[in-house]
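Working notes, structure below.
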Amino acid sequence: MKRLTVVAATAAMVAATLATPAQAVPAAAGSAAQTEYVVLYKEGAAAADAQKAIEAAGGSVLKANAEVGVATVSSTNPDFAAALQGAAAIEGVARNQVIGSVPDDAKASAAAKKALARAAKNNAVEKEGRGGKPFKWGRNVKDEPLADLQWDMKQIHADQAHRFEQGDKGVLVGILDTGVDGSHPDIAPNFDRRLSRNFTVDLPADANGTEIDGPCESDPDGSCNDPNDVDENGHGTHVASSIAAPINKLGISGVAPKVTIVNLRAGQDSGYFFLQPTVDALTYAGDVGVDVVNMSYYIDPWLFNCADNPADSPEEQAQQRLYIAATQRAINYAHAHGVTVVSAAGNEAIDYTKTNVDSGSPDYAGFPGQAVRTRTIPPSCVSLPAEAEHVISVSSTGISKRKAYYSSYGNGYIDVASPGGDVYDTPGNTRDVTKATLSAYPKALAVANGEIDENGDPTVDYVVKDCKGSVCGYYQYLQGTSMASPRAAGVAALIVSRYGKHDRAHGGLTMDPDKVEAILKGTATRTACPNPPAFTYTRILPSGSTVTATHTCEGGPSGNGFFGTGIVDALRAVGR
9 MKRLTVVAAT AAMVAATLAT PAQAVPAAAG SAAQTEYVVL YKEGAAAADA QKAIEAAGGS
69 VLKANAEVGV ATVSSTNPDF AAALQGAAAI EGVARNQVIG SVPDDAKASA AAKKALARAA
129 KNNAVEKEGR GGKPFKWGRN VKDEPLADLQ WDMKQIHADQ AHRFEQGDKG VLVGILDTGV
189 DGSHPDIAPN FDRRLSRNFT VDLPADANGT EIDGPCESDP DGSCNDPNDV DENGHGTHVA
249 SSIAAPINKL GISGVAPKVT IVNLRAGQDS GYFFLQPTVD ALTYAGDVGV DVVNMSYYID
309 PWLFNCADNP ADSPEEQAQQ RLYIAATQRA INYAHAHGVT VVSAAGNEAI DYTKTNVDSG
369 SPDYAGFPGQ AVRTRTIPPS CVSLPAEAEH VISVSSTGIS KRKAYYSSYG NGYIDVASPG
429 GDVYDTPGNT RDVTKATLSA YPKALAVANG EIDENGDPTV DYVVKDCKGS VCGYYQYLQG
489 TSMASPRAAG VAALIVSRYG KHDRAHGGLT MDPDKVEAIL KGTATRTACP NPPAFTYTRI
549 LPSGSTVTAT HTCEGGPSGN GFFGTGIVDA LRAVGR
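Using our numbering, the first residue of the sequence shown is number 9, and each one after it goes up by one.
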């Protein structure tokens, strides 16, 4: 999937975009095409007033978030955006996409094959360069059968921290991702199905008939609405178990093995992440008392959102300004309701504080004739959610504690670092899959991708199996800032478990997100820039060719562009 995982053959992040309707509706013959828009209400405007303005302009509200003031709207009026401009209750409007149609059976079959092929590619580790609580004792992560493969837990001393704090079930961690396999035996004990939600709708195809998510076959009624305990991509399951896989004598342990996992699905099967699901998931997290959320992705179609980049059309500039405003409102809402937001820093291997070139946006065209192109990006442009306010941005480290070769960076951008894997962090700079990170993998995907045989045994080096009696779990090696972020989120969950207060509104525990962030940063292990600060990465690919790249670290031991305030430390975070 997209997200901030380095996967087969490329270090580019997979993409994501705006919200989509509950069901794709084809335009009637001879009628104007239905087009989808995202509308941002004025701050403080009544939702009823905004809806009246939308209807007067010829629009129909498909989905609305009154708390944040964002609506997804469809209209056949080609001048809808212009008609809405200037309305007292409306701050902005931008085209989302032309509404597509459900493909026929033949197309759906072909789409399914493409989806499986993409899932296999996206869920394989990179192959070619791309006040406290009372003291308590508990079991150590070393008790878990696959603990010796979890070098990441040792790097942040999570295995030692578990002697003192394993997390509290009253601490809720929201997984904003592609979904969570709630049936996985190393997730199920900590999975809250009642609170979990799916904010997405599967998209079989776009307006041109191009397959996106594949056929709608998971939901019994065929409505394209997947259950809230399903992950047909694998990324979200990996993230969830990295945070909270229980200590249960099976497989691995998460950083906070006794906290509760809440699936807040905001990503498509294909790896796209739309604006409306992200806004809705963040709002819901605040409403139900979620304590920490992890967001290992960026909101598409723009990797970087620019308010006034001359490389973009006026309509594209308006869209990006709207994205920035709507995303920040949703994050502000979650933050004000006690949610600590943690996000992956990105896998482009660039310094976000410098002028860069983006050659991957817009990755999901929202306008007629719009396509991926190359554009210059000044530092004023922002990647969302990582560069939003109230978000903890996490870079990735390898087993040697160096910044991972693919991890983006920037002094003032990176808050903390965390282990996310680096398969070339080896003595000879050759590829070693075990230098990625190991976490849960849905069996259904392993079967669909041909990664296990008829006996249920793995056929690839990046999939691992472990059994307790007749119960078996599957695990997958992945690397990326997608993997670093949840490990930092796990430490944040331990902090809330250790120092949080009773949540009168929702039960469980709660803690001011600013205090969580302060402890997370303050207890991180100070890690200086390399000496010299211009560090050259060398990778010898399986083909035998050599690739080099030089990244320059700016700042000092207490704060720099590679590691922020340091590498998170679970043991220090819980006061030991």
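Glycine residues also receive a C-beta, built at the ideal position from the N, C-alpha and C atoms.
Strand pairing of Y545, partner residues [DSSP]: By 1-based counting over the sequence shown, the position of residue 545 is 537. Per DSSP, the beta bridge partners of Y545 are A557.
Closest to W310 by C-alpha separation, out of V347, T384, L392, would be which residue? Translated into positions along the sequence shown, residue 310 becomes position 302. For W310, the nearest C-alpha among the options comes from L392.
Between the stretch 542-551 and the stretch 433-440, are three or more C-beta pairs nearer than 8 Å? Yes, the stretch 542-551 touches the stretch 433-440.
Same chain, Cβ closer than 8 Å to D520, five either side skipped, listed in chain order: Here the question's residue 520 lines up with position 512 in the sequence shown. Taking D520 as the centre and dropping the five residues before and after it, the same chain places the C-beta of G346 closer than 8 Å to its C-beta, in chain order.
State the CB to CB distance for the pair Y49 and A97, rounded to an integer number of angstroms; the pair is presumed to be in contact (CB under 8 Å). As a first step, residue 49 must be located in the sequence shown, where it is residue number 41. As a first step, residue 97 must be located in the sequence shown, where it is residue number 89. Between Y49 and A97 the beta-carbon gap is near 6 Å, inside 8 Å, which marks them as a contact.
Going by DSSP, name the residue or residues bridged to S401. What you label residue 401 is simply residue 393 of the sequence shown in a count that begins at 1. Paired residue(s): S351.
Look at the Cβ atom of D316, then the Cβ atom of Q327, and state whether they are nearer than 8 Å. The count along the sequence shown starts at 1 and reaches residue 316 at position 308. The count along the sequence shown starts at 1 and reaches residue 327 at position 319. One thing to note: D316 has its Cβ no nearer than 8 Å to the Cβ of Q327.
Residues that Y621 bridges to, as DSSP identifies them: Nothing about residue 621 can be read from this structure; the chain reaches only from 9 to 584.
Is it buried or exposed for A79, if we count other Cβ within 10 angstroms and need 16 for buried? Taking the first residue of the sequence shown as 1, we reach residue 79 at position 71. Flag for A79 reads buried.
Using a threshold of 8 Å, state whether the C-beta atoms of E75 and Y341 are closer than that. Position 67 of the sequence shown, counting from 1, holds the residue named residue 75. Position 333 of the sequence shown, counting from 1, holds the residue named residue 341. It is a contact, given that the beta carbons lie within the stated cut-off.
On the DSSP letters alone, give me the boundaries of the beta strand (DSSP E) that D586 sits inside. Here the chain has residues from 9 to 584 only, and residue 586 is not among them.
Leaving out five residues on either side along the sequence, give the residues of the same chain with a beta carbon under 6 Å from the beta carbon of V576. In the sequence shown, the residue the question calls residue 576 occupies position 568. So the list reads I164, V424, S426, A496, V499, A532, once near-sequence residues are dropped.
Kindly indicate which three-state DSSP category G244 falls into: helix, strand or coil? For the purposes of this step, residue 244 is taken as the residue at position 236 of the sequence shown. It is helical.
Within the continuous beta strand (DSSP E) that includes L453, where are the two ends? One-based indexing of the sequence shown puts residue 453 at position 445. Premise fails: L453 lies in the alpha helix (DSSP H), 451-456, not in any beta strand (DSSP E).
Could you tell me if S250 is buried or exposed, where buried requires 16 or more neighbouring beta carbons within 10 angstroms of its beta carbon? Translated into positions along the sequence shown, residue 250 becomes position 242. By the 10 Å Cβ count, S250 comes out buried.
Distance CB(Q158)-CB(I260) smaller than 8 Å: Looking up residue 158 in the sequence shown gives position 150. Looking up residue 260 in the sequence shown gives position 252. Taking 8 Å as the cut-off, the beta carbon of Q158 is found closer than this to the beta carbon of I260.
If you draw a straight line from the alpha carbon of A55 to that of G428, how long is it in whole angstroms? Numbered from its first residue, the sequence shown carries residue 55 at position 47. Numbered from its first residue, the sequence shown carries residue 428 at position 420. Cα to Cα, the separation comes out at about 42 Å.
On the DSSP letters alone, give me the boundaries of the beta strand (DSSP E) that G182 sits inside. By one-based count along the sequence shown, residue 182 stands at place 174. From DSSP, the beta strand (DSSP E) with G182 extends over 180-184.
Output the distance between the C-alpha atoms of Q168 and D151, rounded to the nearest integer angstrom. Here residue 168 corresponds to residue number 160 of the sequence shown, with the count starting at 1. Here residue 151 corresponds to residue number 143 of the sequence shown, with the count starting at 1. Q168 and D151 have their alpha carbons spaced roughly 12 Å apart.
Within its chain, find whatever has a CB closer than 6 Å to the CB of H3; leave out the 5 residues flanking it on each side and keep chain order. No answer is possible for residue 3: it lies beyond the span of the chain, which begins at 9 and ends at 584.
Taking DSSP as the reference, what is the three-state secondary structure of V301? Against the sequence shown, residue 301 aligns to sequence position 293. DSSP places V301 within a strand segment (E or B) once states are collapsed to three.
Of all the options Y331, N302, L283, which has the alpha carbon lying nearest to the alpha carbon of V270? Reading the sequence shown from its first residue, position 262 is the one you call residue 270. With distances taken between Cα atoms, V270 lies closest to N302.
Taking Cβ to Cβ, would you say A248 is nearer than 8 Å to P265? Counting from 1 along the sequence shown, the entry for residue 248 is found at position 240. Counting from 1 along the sequence shown, the entry for residue 265 is found at position 257. Their beta carbons are not under 8 Å apart, which means A248 does not touch P265 by this criterion.
Endpoints, beta strand (DSSP E) assigned at L283: Within the sequence shown, residue 283 is the residue found at index 275, counting from 1. Run containing L283: none in the beta strand (DSSP E); it sits in the alpha helix (DSSP H), 283-296.
Beta-carbon proximity list for G178, same chain, < 6 Å, skipping 5 on both sides: Counting from one through the sequence shown, the residue named residue 178 turns up at place 170. Leaving aside the five residues that flank G178 on each side, the residues in its chain whose CB is nearer than 6 Å to its CB run, in chain order, G516, L517.
Pick out whichever of K71, N73, A53, S82 has its Cα sitting closest to the Cα of A65. The residue labelled residue 65 in the question sits at position 57 within the sequence shown. With respect to the C-alpha of A65, the residue from K71, N73, A53, S82 having the closest C-alpha is S82.
If Y331 sits next to L283, beta carbons under 8 Å apart, how far is it from one beta carbon to the other, in whole angstroms? Locating residue 331 in the sequence shown gives position 323, counting from the first residue. Locating residue 283 in the sequence shown gives position 275, counting from the first residue. Right, their Cβ atoms sit about 6 Å apart.
With a threshold of 7 Å on Cβ separation, who are the neighbours of N364 within its own chain once the five nearest residues in sequence on each side are excluded? Position 356 of the sequence shown, counted from the start, is the residue given in the question as residue 364. Cβ neighbours of N364 beyond the five flanking positions: I358, I385.
Please list, in chain order, all residues of the same chain as V399 whose beta carbon is under 7 Å from its beta carbon, the five residues on each side excluded. As a first step, residue 399 is located in the sequence shown; it is residue number 391 there, counting from the start. I339, V349, S351, P393.
Neighbourhood of A53 by C-beta, 6 Å cutoff - its chain only, sequence neighbours within 5 removed: Sequence index remark: in the sequence shown, residue 53 carries index 45 (1-based). Hits under 6 Å: A97.
Tell me the start and end of each unbroken beta strand (DSSP E) in the stretch 312-374 that is at least 3 residues and wholly inside, in chain order. Listed in chain order, the complete beta strand (DSSP E) runs (minimum 3 residues) inside the stretch 312-374 are 348-352, 364-369.
Mind checking which residues open and close the beta strand (DSSP E) that includes T382? Start at 1 with the first residue of the sequence shown, and residue 382 comes out as number 374. Where T382 is concerned, the enclosing beta strand (DSSP E) stretches over 381-385.
Length of the line joining the Cα atoms of N313 and C480: Sequence index remark: in the sequence shown, residue 313 carries index 305 (1-based). Sequence index remark: in the sequence shown, residue 480 carries index 472 (1-based). Using only the alpha carbons, I get a separation of about 44 Å.
Identify which residue in C561, G420, D461 has its Cα closest to the Cα of A412. One-based indexing of the sequence shown puts residue 412 at position 404. Checked all of C561, G420, D461; the closest Cα to A412 is C561.
Straight-line gap, A172 to K257 (C-alpha atoms, nearest Å): Along the sequence shown, read from residue 1 onward, the residue named residue 172 stands at position 164. Along the sequence shown, read from residue 1 onward, the residue named residue 257 stands at position 249. Residue identity check: residue 172 is Phe in the sequence provided, not Ala. Taking the straight line from one Cα to the other gives about 19 Å.
Closer than 6 Å by C-beta to D156: which residues in its own chain qualify, once you throw out the five before and the five after it? Chain order, please. As a position in the sequence shown, residue 156 is number 148, starting the count at 1. Excluding residues up to 5 positions away in sequence, nothing lies with its Cβ nearer than 6 Å to the Cβ of D156 in the same chain.
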